[in-house]
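In the order they appear, the protein sequences are chains A and B.
The first sequence begins at 2 in this note's numbering and counts up one residue at a time.
The second sequence begins at 564 in this note's numbering and counts up one residue at a time.
What follows is one structure encoded as structure tokens, with my remarks underneath.
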Amino acid sequence: MTSIAQDDSNAVVIIGSGAGGGTLAHELTRRGIQVVLLEAGRRLSPADFSQVPGEAFGQLTWLEPRTQSGTTTVVEDYPTLPSWTAKTVGGTTVHWTGAALRAHAWELRARTTYGALGDTSLIDWPVDFSELLHYYQIAEQRMVVTRRNGNPGLPASNHFKVFHYGATRIGYKQVHTGFMAINTRPTDGRGLCIQQGFCVQGCKTSAKWSTLYTEIPRAEATGNLELRTECRAVRIEHGADGRATGVVYRDPTGAEQRQRARIVCVACNSVETARLLLLSESARFPHGLANSSDQVGRHFCRHTGGFVWGVFDKPIEFWRGTTLAGIVLDETRHDPKRGFAGGYHLEMAALDLPSIAFSGLPQTLWGRELGFVMDHYRSMAGIFINGEDMTRAGNRITLNPHVKDQFGLPVANIHVDDHPNNDAMRRHAQAQGKAMFEAAGAIQVLMSRQTPATHNMCAARMSHDPADGVVNGHGQAHDVRNLFVSDGSAMSTPSSANPTLTIVALALRQADYIERQMSARTI
Amino acid sequence: MHSNTTLDRREFLGATGMLTGLLAAGSPLLSLVPGRAWALDLKALSSPEGAALLAAARTIAPHDQLDDAPYALVVQALDGSAAGDAATLNLLRQGIAGLPAGFASAPEAERVAALKTVETTPFFKSVRASTLMTLYASPLVYAYFGYEGEAFSKGGYLLRGFNDLRWLPEVPMADSGPVFGERT
Numbered sequence: 002m003t004s005i006a007q008d009d010s011n012a013v014v015i016i017g018s019g020a021g022g023g024t025l026a027h028e029l030t031r032r033g034i035q036v037v038l039l040e041a042g043r044r045l046s047p048a049d050f051s052q053v054p055g056e057a058f059g060q061l062t063w064l065e066p067r068t069q070s071g072t073t074t075v076v077e078d079y080p081t082l083p084s085w086t087a088k089t090v091g092g093t094t095v096h097w098t099g100a101a102l103r104a105h106a107w108e109l110r111a112r113t114t115y116g117a118l119g120d121t122s123l124i125d126w127p128v129d130f131s132e133l134l135h136y137y138q139i140a141e142q143r144m145v146v147t148r149r150n151g152n153p154g155l156p157a158s159n160h161f162k163v164f165h166y167g168a169t170r171i172g173y174k175q176v177h178t179g180f181m182a183i184n185t186r187p188t189d190g191r192g193l194c195i196q197q198g199f200c201v202q203g204c205k206t207s208a209k210w211s212t213l214y215t216e217i218p219r220a221e222a223t224g225n226l227e228l229r230t231e232c233r234a235v236r237i238e239h240g241a242d243g244r245a246t247g248v249v250y251r252d253p254t255g256a257e258q259r260q261r262a263r264i265v266c267v268a269c270n271s272v273e274t275a276r277l278l279l280l281s282e283s284a285r286f287p288h289g290l291a292n293s294s295d296q297v298g299r300h301f302c303r304h305t306g307g308f309v310w311g312v313f314d315k316p317i318e319f320w321r322g323t324t325l326a327g328i329v330l331d332e333t334r335h336d337p338k339r340g341f342a343g344g345y346h347l348e349m350a351a352l353d354l355p356s357i358a359f360s361g362l363p364q365t366l367w368g369r370e371l372g373f374v375m376d377h378y379r380s381m382a383g384i385f386i387n388g389e390d391m392t393r394a395g396n397r398i399t400l401n402p403h404v405k406d407q408f409g410l411p412v413a414n415i416h417v418d419d420h421p422n423n424d425a426m427r428r429h430a431q432a433q434g435k436a437m438f439e440a441a442g443a444i445q446v447l448m449s450r451q452t453p454a455t456h457n458m459c460a461a462r463m464s465h466d467p468a469d470g471v472v473n474g475h476g477q478a479h480d481v482r483n484l485f486v487s488d489g490s491a492m493s494t495p496s497s498a499n500p501t502l503t504i505v506a507l508a509l510r511q512a513d514y515i516e517r518q519m520s521a522r523t524i
Numbered sequence: 564m565h566s567n568t569t570l571d572r573r574e575f576l577g578a579t580g581m582l583t584g585l586l587a588a589g590s591p592l593l594s595l596v597p598g599r600a601w602a603l604d605l606k607a608l609s610s611p612e613g614a615a616l617l618a619a620a621r622t623i624a625p626h627d628q629l630d631d632a633p634y635a636l637v638v639q640a641l642d643g644s645a646a647g648d649a650a651t652l653n654l655l656r657q658g659i660a661g662l663p664a665g666f667a668s669a670p671e672a673e674r675v676a677a678l679k680t681v682e683t684t685p686f687f688k689s690v691r692a693s694t695l696m697t698l699y700a701s702p703l704v705y706a707y708f709g710y711e712g713e714a715f716s717k718g719g720y721l722l723r724g725f726n727d728l729r730w731l732p733e734v735p736m737a738d739s740g741p742v743f744g745e746r747t
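In structure tokens:
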């Protein structure tokens with residue numbers, strides 16, 4: 002086991018071991034760069050993942066308090082869970098469904114494509130799509146994505162037969178089992194998908210890509226990584242020259258520790274990334290680190306989401322098989338004739354028995370209506386809407402001085418007011434989902450509102466202009482040259498794609514940049 | 564829950580409540596528990612309070628063919644939180660006290676009407692949330708809903724029917740993929 006001294010000021014410190022942090026750690030260490038990887042959660046193995054419904058949620062989820070405000074229905078429907086993020090080695094790559102989707106070129110030019118949409122803070126990405134595409138392709142090879150590089154698709158499950166039939170009946174042309182980072186055969190040291198149906202509980206055959214069993218052990222094998230688990234970063238420090246000098250963290254016993262650093266990379270899944278920067282205030286940065294422009298935490302996005310459930314009179318047994326291996330791509334286009342800007346994906350989605358009752362169905366459902374639906378559990382089909390959210394400066398992560406965590410630090414407050422564009426998009430998607438299920442013979446269709454997000458983005462966004470973004474096109478803080486943002490919070494706009502593939506691609510690209518800058522000794 | 568032998572002593576002590584019941588003859592739950600009779604000690608709530616919550620759970624998530632036993636698990640969960648937290652105990656106590664007299668044994672339509680009037684209260688939301696989380700998470704009810712639960716130890720469903728639906732046409736290979744992942 003590699004050990005890096007706490008006073009080693011040549012180390013790169015990465016905070017968070019998920020899609021961004023885990024990938025970046027591997028990329029840097031394989032080039033001989035020493036990395037300390039701090040992870041707040043425990044290190045589990047696939048053998049530890051529980052398939053007792055509900056148990057995995059407790060194993061993998063960030064359960065420390067957060068607060069929320071705004072007009073989003075999540076405030077009312079999920080008062081204690083404003084967002085659903087992971088706290089475990091591998092982060093949300095343990096929890097994700099495996100959907101490895103690319104953003105479209107026009108989505109990277111959101112401001113240009115959508116125009117001056119009222120009450121939004123849209124910008125174009127400071128990244129050229131052709132360059133991102135290069136890294137998407139590397140990411141897809143690394144993660145072994147279906148339907149890319151000659152890989153076959155996942156086979157159609159019972160659930161997908163219903164989804165496909167309904168979608169094609171109402172005229173959709175691009176309907177398939179998805180671009181999934183899930184093995185259809187043993188590849189790259191990972192097993193094959195045995196259609197267990199427990200994807201978001203942690204994949205017990207490692208068929209689904211996760212940094213937990215790919216990038217992180219490979220980084221460790223280089224001899225250049227020290228992973229410190231159950232270590233919670235609480236503050237990033239800087240020196241008199243304004244450059245980051247290290248990270249203060251609490252070790253598993255709760256004791257304060259300090260790791261010096263040449264470079265600090267933050268990858269804590271948007272909400273905690275913004276919170277950590279805000280917590281790192283100082284005389285020089287009184288509003289938080291890298292926040293001279295008051296942009297940290299702003300423009301926070303989730304995806305425009307919600308479920309559509311179809312109830313049928315014939316068995317489907319949708320818990321069998323890959324949870325999300327089904328997608329409609331036809332609606333990922335910008336077509337203002339639909340009444341909104343941007344596009345959305347319709348993604349097949351199943352939930353286990355308690356989860357569908359507790360968090361999948363409308364939160365107002367009870368009595369005979371609930372009884373009827375649950376009596377048809379084996380004859381249900383589901384769609385998850387994943388659409389572009391419009392950035393707004395007022396949707397933001399702030400510190401809540403009234404609620405403190407176990408270390409006495411203010412927790413994150415998530416404020417989201419839904420933009421009318423989101424409401425219009427959601428209504429459209431719900432109507433399309435309903436039409437799909439009715440075309441397949443549904444006897445009832447139910448819609449549920451926005452659910453707590455795992456897709457948290459844009460809260461420390463990339464922009465050419467330091468006045469309206471936190472980091473430049475490489476995720477490098479405008480204010481602090483050796484501070485990087487390495488997760489979905491760096492995305493300038495959220496696109497309609499599930500974020501993991503984009504986060505991995507950006508981390509691969511950032512690693513190239515960091516290596517060049519270190520060689521040139523500019524950082 | 565345990566078998567029903569301590570009932571008399573508990574009733575005699577009378578400090579807190581107890582719920583008891585019998586599984587219906589032929590109940591599929593009989594294969595999962597030692598006998599037909601079950602009893603649940605309550606740590607914080609009284610027997611009438613427990614009975615009211617059981618009736619509320621049945622009203623919120625009605626499944627006529629399900630025994631009372633899995634609904635009693637909801638009461639157990641609520642009672643457990645009440646035992647550990649005075650605010651929860653107070654919330655439940657006051658909520659139950661606000662229900663009409665005889666709620667526990669009232670016909671369903673009356674129970675629904677009573678709960679409708681408190682639908683937006685923290686009491687109702689708390690009982691509804693506990694009902695959904697506990698009732699449907701209990702392996703006691705899996706068979707009733709056809710749910711199969713944990714799948715890894717059985718090898719998943721790759722060879723056990725993940726694609727055995729026959730009431731719709733098969734998906735063209737271009738939109739699907741080979742079951743054993745051979746390269747195309």
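Backbone N, C-alpha and C fix where the C-beta goes; we use that ideal spot for every residue, glycine too.
Buried or exposed for residue i, going by 16 or more other Cβ atoms inside 10 Å?
i: B:Ser594; result: exposed
i: A:Ala437; result: Looking at the sequence provided, one finds Met at residue 437 of chain A rather than Ala. It is buried - the Cβ of A:Met437 has at least 16 other Cβ atoms within 10 Å.
i: A:Met2; result: exposed
i: B:Met581; result: buried
i: A:Leu39; result: buried
i: A:His403; result: exposed
i: B:Ala650; result: exposed
i: A:Ala241; result: exposed
i: A:Thr72; result: exposed
i: A:Ala432; result: exposed
Report the rounded CA-to-CA distance for residue i versus residue j, giving the unit in angstroms.
i: A:Ala498; j: A:Leu278; result: 26 Å
i: A:Pro500; j: A:His346; result: 12 Å
i: A:Gly322; j: A:Glu238; result: 47 Å
i: A:Arg285; j: A:Gly243; result: 8 Å
i: A:Cys232; j: A:Asn270; result: 16 Å
i: B:Glu682; j: B:Lys688; result: 7 Å
i: B:His728; j: A:Asn473; result: The sequence given here has Leu at residue 728 of chain B, not His. C-alpha separation (whole angstroms): 51 Å.
i: B:Thr568; j: B:Pro597; result: Since pLDDT at B:Thr568 reaches only 45, below the 50 mark, its modelled position is unreliable, and the value read off the structure follows with that caveat. For B:Thr568 and B:Pro597, the distance between alpha carbons rounds to 13 Å.
i: A:Gln260; j: A:Ser4; result: 12 Å
i: B:Asn726; j: B:Ser739; result: 11 Å
i: A:Val75; j: B:Ala588; result: 44 Å
i: A:Arg397; j: A:Arg334; result: 27 Å
i: B:Val742; j: A:Leu155; result: 7 Å
Does residue i come out as helix, strand or coil in the three-state DSSP assignment?
i: A:Tyr345; result: strand
i: A:Gly22; result: helix
i: A:Ser84; result: strand
i: B:Leu703; result: helix
i: A:Gln445; result: strand
i: A:Glu231; result: coil
i: A:Met519; result: helix
i: A:Val53; result: coil
i: B:Gly658; result: helix
i: A:Tyr214; result: coil
i: B:Asp727; result: coil
i: A:Gly59; result: helix
Starting from residue i, follow its DSSP beta bridges and name the residues at the other end.
i: A:Asn483; result: Answer is none; A:Asn483 lacks a bridge partner.
i: A:Asn422; result: Note: A:Asn422 sits in no beta bridge, so no partner.
i: A:Ser70; result: A:His416
i: B:Met581; result: B:Asp604
i: A:Trp310; result: A:Gly383, A:Leu447
With distances taken from CA atoms, which of the options is nearest residue i?
i: B:Val690; options: B:Ala602, B:Ala618, B:Gly709, B:Lys717; result: B:Ala618
i: A:Ala234; options: A:Asn423, A:Pro218, A:Leu193, A:Arg276; result: A:Arg276
i: B:Leu608; options: B:Ala669, B:Leu641, B:Val734, B:Thr684; result: B:Leu641
i: B:Gln657; options: B:Pro685, B:Arg674, B:Glu671, B:Ser668; result: B:Pro685
i: A:Pro467; options: A:Trp310, A:Gly327, A:Leu484, A:Ala291; result: A:Ala291
i: B:Leu636; options: B:Ala588, B:Pro732, B:Ala620, B:Pro625; result: B:Ala620
i: A:Asp189; options: A:Thr215, A:Leu330, A:His429, A:His177; result: A:Thr215
i: A:Pro363; options: A:Val446, A:Ser122, A:Ser293; result: A:Val446
Short-range partners of chain E found in the stretch 375 to 396 of chain A, where Cβ spacing is below 8 Å: The structure shown has no chain E; the protein chains it does contain are A and B.
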